[in-house]
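Those sequence lines, one after another, are chains A and U.
Under our numbering, the residues of the first sequence are numbered 116 to 485, in order.
Under our numbering, the residues of the second sequence are numbered 6 to 102, in order.
We put the beta carbon where it would ideally sit given N, CA and C, even for glycine.
In this text, all values refer to a predicted model and were calculated from it rather than measured experimentally.
Before any comments, here is the structure.
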Amino acid sequence: MLVEQASTGSGASGQNAGSLHFQIERRFLERKGGLGLEGEQTATLSRIAIDDWSTLEDRLGVSLHVHMNGGLMVAENADQVAILKAKADRERAMGLSVETIDGAEARRRAPYLSEGIVAANFMAAEGHADTRKIAPAFATAATAAGAEIQIRTRLTKLEWQGASFRAEIIGSEGAFTVGAKKVLVAAGVWSARIAAMANLHLPLFPVGLTMSASERTPHFLPHLVQHVAQRLSMKQTEAGNILIGGGWPSRLHRVDGIFDLSRPAELIIQSLRNNLSVATKTVPRVADLNLIRTWTGVTAVTPDQLPIAGEFPTMPGLFCAAGGSAFTLGPTFARLVADQMLERERDEADRLLAVASPARFDSLNGFMGR
Amino acid sequence: MRSQADITRGMPVTIEVDGQMIDSFSGETLLAALVAAGHMRLRNDQEGQPRGFWCNMGTCSECFVSRLDVTPVRRIRACLITVEDGMRIATRSISYD
Ligand SMILES: Cc1cc2nc3c(=O)[nH]c(=O)nc-3n(C[C@H](O)[C@H](O)[C@H](O)COP(=O)(O)OP(=O)(O)OC[C@H]3O[C@@H](n4cnc5c(N)ncnc54)[C@H](O)[C@@H]3O)c2cc1C
Ligand code: FES
Chain A
116 MLVEQASTGS GASGQNAGSL HFQIERRFLE RKGGLGLEGE QTATLSRIAI DDWSTLEDRL
176 GVSLHVHMNG GLMVAENADQ VAILKAKADR ERAMGLSVET IDGAEARRRA PYLSEGIVAA
236 NFMAAEGHAD TRKIAPAFAT AATAAGAEIQ IRTRLTKLEW QGASFRAEII GSEGAFTVGA
296 KKVLVAAGVW SARIAAMANL HLPLFPVGLT MSASERTPHF LPHLVQHVAQ RLSMKQTEAG
356 NILIGGGWPS RLHRVDGIFD LSRPAELIIQ SLRNNLSVAT KTVPRVADLN LIRTWTGVTA
416 VTPDQLPIAG EFPTMPGLFC AAGGSAFTLG PTFARLVADQ MLERERDEAD RLLAVASPAR
476 FDSLNGFMGR
Chain U
6 MRSQADITRG MPVTIEVDGQ MIDSFSGETL LAALVAAGHM RLRNDQEGQP RGFWCNMGTC
66 SECFVSRLDV TPVRRIRACL ITVEDGMRIA TRSISYD
């Protein structure tokens, strides 16, 4: 049984940029000591996610507007090119197929790029998919496979009772309780609150982001476009709109020093200006398009930027899948955590998800009396 | 369609919409002029069904039309623009783009 307080896709899954980015994110390269084992494991998950996305439409039996026509991460000066090259070397060593191409070659493949672009890293598998379709499509497929999904139904209490969990739930027809041997917390930015219901700390922090859409225009941008040194993601939807994002902040509402997750984050106008400025510098022709919509979305980050997926060592039976770039990696987390919960090739799933295991934050729960 | 009682109108203005001339008055929004002339269909959706304006306040972007008398051609929200003499407008009710 899945309980969802609003509707499927009403959270970050329906608000995000829909980028399928498999290149290593720039934020990871900035770490001291580099990417070691974590990098290897993240790359392994990316490789699996590429396969998952390539087959997802067939497996779910619907069009999700998945386009994997390649992704470009662009650079504008020599320092940035050096980062691109170092990044591509590391990625190739991890088995990801990434090539660094010069500005002329980048414009040959992507004629819409500005003359200011001097190089790009190209990865053929990258792309994008339609954010608004994914979660509902998963829900339909799960229902067909026998899952019970209750929307407008909210979990309010979760307790471990020695042999099983007891969940208190409020639905449209009133409150009820459910017993379960295993529970998965997959509540995005709300996951820390669900964990707290079970008396556990879960270090997931909300951040507000900004997204914009232009009016529709004939298709000219088949790729995912990112920038190695600036916050930028661009792509063109099936309907023709250009989606512009890349991690520009919006402002969370606060009540009594607590982030209010019940309200959308507030737009920061300077974020919008900066985002559009990077976009028009990279792909000049978008400057001629009207902006038709800007929205904010809230997602969850962890202290080490890696996602959290797996079983809590301090509370066996309780699983989590939250945080990170969980549009790109979401289908993979779903499959692997399901394998763990159902004890299907469990060792393999544990191995693949080791990098994301909640075990790394176990020390936080050492003082939480049971 | 325009109300008549107790109204002082601006100067008459003529604009071209999809090749036809439409009478309107200075001070009216382009959307008001379109609606008064019966141009409710501003584009077709992907199934070819008619779509028209919705919010009349610049939010929904359903009233986009092309302004042909400026270079380059601009796409404008009809509800945010007042009519000007000689305006040439194309709706997207002819084909889906
Ligand atoms: C603007 C933006 C852009 C992004 N861009 C990308 C991108 O391009 N690529 C990428 O990979 N990732 C991207 N992300 C991140 C990605 O969207 C998220 O990581 C992912 O969608 C999280 O999915 P989720 O299912 O964990 O959470 P959510 O989609 O937020 O789902 C959590 C659900 O839990 C429900 N819930 C909460 N509490 C309860 C309760 N007590 N009872 C019942 N139900 C409850 C909520 O209603 C919600 O529907 C972006 C995020 C944002 C905000
Ligand atoms: S009618 Fe909604 S923007 Fe003009």
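(request) Using a Cβ cut-off of 7 angstroms, pull out every chain U residue sitting near residue 407/A, in sequence order please. (result) 66
(request) Under 7 angstroms Cβ to Cβ from residue 353/A, same chain only, skipping five residues before and after it: list those, please. (result) 180 and 245
(message) Using a strict less-than 7 angstroms threshold between each residue's beta carbon and the heavy atoms of ligand 2, what residues do you get?
(response) 36/U, 58/U, 59/U, 60/U, 61/U, 62/U, 63/U, 64/U, 65/U, 66/U, 67/U, 68/U, 82/U, 83/U, 84/U and 85/U
(message) Please report the distance separating the alpha-carbon of residue 12/U from that of residue 172/A.
(response) Our two residues, residue 12/U and residue 172/A, have alpha carbons roughly 58 angstroms apart in a direct line.
(message) For a cutoff of 7 angstroms on Cβ pairs, would you count residue 80/U as touching chain A?
(response) yes
(message) To test your reading of the DSSP string, which unbroken beta strand (DSSP E) runs of 3 or more residues are found completely within the region 380 to 436 of chain A?
(response) 406 to 416 and 423 to 426
(request) Helix, strand or coil for residue 456/A, going by three-state DSSP, please let me know. (result) Correct three-state label for residue 456/A: helix.
(request) Please work out which residues of its chain come closer than 6 angstroms, Cβ to Cβ, to residue 50/U, disregarding the five sequence neighbours upstream and downstream, and give them in chain order. (result) 56
(request) Could you pull out every residue in the same chain whose Cβ sits closer than 6 angstroms to the Cβ of residue 297/A, ignoring the five residues on either side in sequence? (result) 432 and 456
(message) Rounded to the nearest angstrom, what separates residue 210/A and residue 394/A at their Cα positions?
(response) 30 angstroms
(request) Would you list, in sequence order, the uninterrupted alpha helix (DSSP H) runs of no fewer than 4 residues that lie entirely inside the region 148 to 217 of chain A? (result) 151 to 175 and 193 to 208
(request) Using alpha carbons as the reference points, say which of 437/A, 229/A and 450/A lies closest to residue 127/A. (result) 437/A
(request) Tell me whether residue 275/A counts as near ligand 1, meaning its Cβ is closer than 6 angstroms to at least one heavy atom of that ligand. (result) no
(request) Measure how close the beta-carbons of residue 328/A and residue 347/A come, nearest whole angstrom, since I'm counting them as under 8 angstroms. (result) No, residue 328/A and residue 347/A are not in contact; Cβ-Cβ is about 15 angstroms, not under 8 angstroms.
(message) Once DSSP output is grouped into helix, strand and coil, what is the label at residue 312/A?
(response) helix
(request) State buried or exposed for residue 342/A, treating a residue as buried only when at least 16 other CB atoms are found within 10 Å of its CB. (result) That one is buried.
(message) Residues in the same chain with beta-carbon distance under 7 angstroms from residue 239/A, minus the five sequence neighbours each way, listed in chain order, please.
(response) If the five residues before and after residue 239/A are omitted, its C-beta is found closer than 7 angstroms to the C-beta atoms of 185 and 212, all from its own chain and listed in chain order.
(request) Take residue 229/A and list the residues in its own chain whose beta-carbon comes closer than 8 angstroms to its own, dropping the five residues that flank it on each side. (result) 396, 397, 398 and 399
(message) Counting only C-beta atoms, is residue 130/A closer than 7 angstroms to chain U at any point?
(response) Closer than 7 angstroms: no.
(request) With DSSP as the reference, label residue 249/A as helix, strand or coil. (result) If DSSP states are grouped into helix, strand and coil, residue 249/A belongs with the helices.
(request) Run the CB neighbour count on residue 334/A, radius 10 Å, all protein chains shown included, and call it buried at 16 or more, exposed below. (result) Taking all protein chains shown into account, residue 334/A has fewer than 16 neighbouring C-beta atoms within 10 Å of its C-beta and is therefore exposed.
(message) Can you determine whether any heavy atom of ligand 1 sits closer than 6 angstroms to the C-beta of residue 127/A, and answer yes or no?
(response) Between ligand 1 and the CB of residue 127/A, the shortest heavy atom gap is smaller than 6 angstroms.
(message) For residue 36/U, report the span of its alpha helix (DSSP H) as first-last.
(response) Looking at the DSSP string, the run of the alpha helix (DSSP H) that includes residue 36/U is 35 to 41.
(message) Comparing C-alpha positions only, which one of 388/A, 473/A, 429/A and 380/A sits nearest to residue 417/A?
(response) Residue 417/A has its Cα closest to that of 473/A, out of 388/A, 473/A, 429/A and 380/A.
(request) Taking C-beta pairs closer than 8 angstroms, name the residues in chain U that residue 403/A reaches, listed in chain order. (result) 77
(message) Once the 5 residues before and after residue 100/U are set aside, which same chain residues still bring their CB inside 8 angstroms of it?
(response) The predicted model places residue 100/U with a pLDDT of 45, which falls under 50 and marks its position as unreliable; any figure quoted below should be read in that light. Only 49 meet the Cβ criterion.
(message) Let me confirm a value: residue 167/A is counted as buried when at least 16 other C-beta atoms fall within 10 Å, else exposed. Which label applies?
(response) buried
(message) In the DSSP assignment, the beta strand (DSSP E) including residue 28/U goes from what residue to what residue?
(response) Judged by DSSP secondary structure, residue 28/U falls within the beta strand (DSSP E) whose first and last residues are 25 to 30.
(message) Counting only Cβ pairs nearer than 8 angstroms, list the residues of chain U close to residue 330/A.
(response) Ordered by position in chain U, the residues that pass the 8 angstroms Cβ test against residue 330/A are 66, 69 and 80.
(request) Could you spell out where the alpha helix (DSSP H) holding residue 463/A opens and where it closes? (result) That run of the alpha helix (DSSP H) goes 461 to 468.
(message) Does residue 476/A come out as helix, strand or coil in the three-state DSSP assignment?
(response) helix
(message) Suppose contacts are defined by Cβ-Cβ distances below 7 angstroms. Is residue 318/A in contact with residue 304/A by that definition?
(response) Contact: no.
(message) Quick check: is any heavy atom of ligand 1 less than 6 angstroms from the C-beta of residue 389/A?
(response) no
(message) For residue 238/A, list the residues DSSP reports as bridge partners.
(response) 186/A
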